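For the sequence shown, position 278 matches number 399 in our numbering, and the numbering has no gaps at all.
Have a look at the structure below before the remarks.
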Amino acid sequence: MTKAIAKQPVIVQAPANIALIKYWGKRTGCGNLNLPATGSLSITLSDLLTTTKVELDQSLQADAISLNGIAVDEKRIHRFLDHVRSLTGEVMPYCRIESSNNFPTAAGLASSASGYAALAMAASKAYGLSLDRTQLSGLARIGSGSAARSMFGGFVLMHRGIRDDGSDAFAEPLLDATAWPLEVVIAIVTTKAKAHSSTVGMNHTMATSPYYAQWIEHNEARLVQAKKAVLEKDFECLGALSEASALQMHASAMAAEPGVLYWQGATMECMHRIRQLRGEGVPVFFTIDAGPQVKAVTLPGHASKVRDALADISGIEALEQTTLGAGARVL
Ligand code: DP6
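Here you go:
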């Protein structure tokens, strides 16, 4: 029965990704499949990585999970592992998991994306499942919607899907990182974990924001245009669409009751500075996820100028710089 399961630990490294066209809201009535209400479009980052080791252990009475060296007991991770085991159709042992991020966890830097992408690939392999990348993307989505995109490198398109079983809600590569090597400067406003996770923030937005329906409608239309902008490498157009998607996502969240506020003062300062730089001829645009950090996306050769400009803003704790990179891989 256990002949296909891994005898050795499986180690996977998965990158974070940032959405340019955001996912913010889920399809309802589809159980625990975690189906997004809209498609999304992201870039995979080369330097923000999660490394996860999964080892099956017959002696365990429950999964033993550590994150950055600290034991965690998160229902969501246990549920995800139960789901992976259920796919084998057999009774399987629990596992020991050690996962670490080389960047701040749960601070709006896409740790759940890289985390669940790494876990989906490592756990499915450890339990002897042989899934292709599309299937892995769908599996990672069940853990966290954005994780579906970290299976692939470069520019990635996530399909909303229409089937109730979620079989068409997966990501696919759109353009290779080397074909359009954008660079990203991340202004870290705080490394503290955020008050509301993305899941809580988007569910609350869905339930109470009067702007939610409009957000969904506009984002779907924007996705089609953004896909074209990527394929035509139209930086200006992609920038305008990306800023609109980020601001409208936050507007829908702020309009919830009570409003969900992820920004700090320095977040706002960064947005103004980036627009000012653009006015001075620097090709750059911003995007912001469920946290106060600002990601500035720029063309090759301009990152140091962007970095210097953001470094001057008071309230910035640190700056990270990264290129685009490849998707998750077994080490
Ligand atoms: C703002 O993927 O973290 O980063 O599926 O509930 O785990 P769950 O949500 P998650 O949400 C990501 C929200 C976002 C936008 C994006 O990455 O598309």
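Glycine is no exception: its CB is placed at the ideal position from the N, C-alpha and C atoms.
No experiment lies behind these values; they were computed from the predicted model shown.
Leu177 is bridged by DSSP to Cys216. The continuous alpha helix (DSSP H) containing Lys196 extends over residues Lys196 to Thr209.
Per DSSP, reduced to three states, the secondary structure at Ile164 is strand. Considered as a whole, the region 253-291 harbours 276-279 as its complete beta strand (DSSP E) runs of no fewer than 3 residues, in chain order. When C-alpha distances from Pro136 are compared across Gly236, Thr320 and Ile198, the shortest belongs to Gly236. Where Gln134 is concerned, the enclosing beta strand (DSSP E) starts and stops at Val131 to Ile142. In the DSSP assignment, Lys416 falls within the beta strand (DSSP E) that extends over Val415 to Thr419. Between Met327 and Tyr144, the CB-CB gap reaches or exceeds 8 Å. Excluding its 5 nearest sequence neighbours in each direction, Ala125 has C-beta neighbours in its own chain below 7 Å: Gly249, listed in chain order. Taking 7 Å as the cut-off, one finds at least one heavy atom of ligand 1 near enough to the beta carbon of Ala234.
The continuous beta strand (DSSP E) containing Gln442 extends over residues Ala439 to Thr444. For Ala365, the three-state secondary structure derived from DSSP is helix. Contact between Val418 and Val403 does not hold, since the beta-carbon distance rounds to 12 Å and is not under 8 Å.
With a threshold of 16 other beta carbon atoms within 10 Å, Pro157 meets it and is buried.
Within the DSSP secondary-structure output, Lys147 pairs in a beta bridge with Pro157.
DSSP places Ala342 inside the alpha helix (DSSP H), whose first and last residues are Tyr333 to Leu352. Assignment of Glu304 by DSSP, reduced to helix, strand and coil, places it in the strand class. Taking 4 residues as the minimum length, the alpha helix (DSSP H) runs contained wholly in the region 368-429 are 386-400, in order along the chain. Of the heavy atoms belonging to ligand 1, at least one sits nearer than 7 Å to the Cβ of Ala411. Sequence-distant Cβ neighbours of Ile218 in its own chain, meaning closer than 6 Å and more than five residues away, are Val175 and Ile186. Distance from the CA atom of Tyr333 to the CA atom of Ala342, rounded to whole angstroms, is 15 Å.
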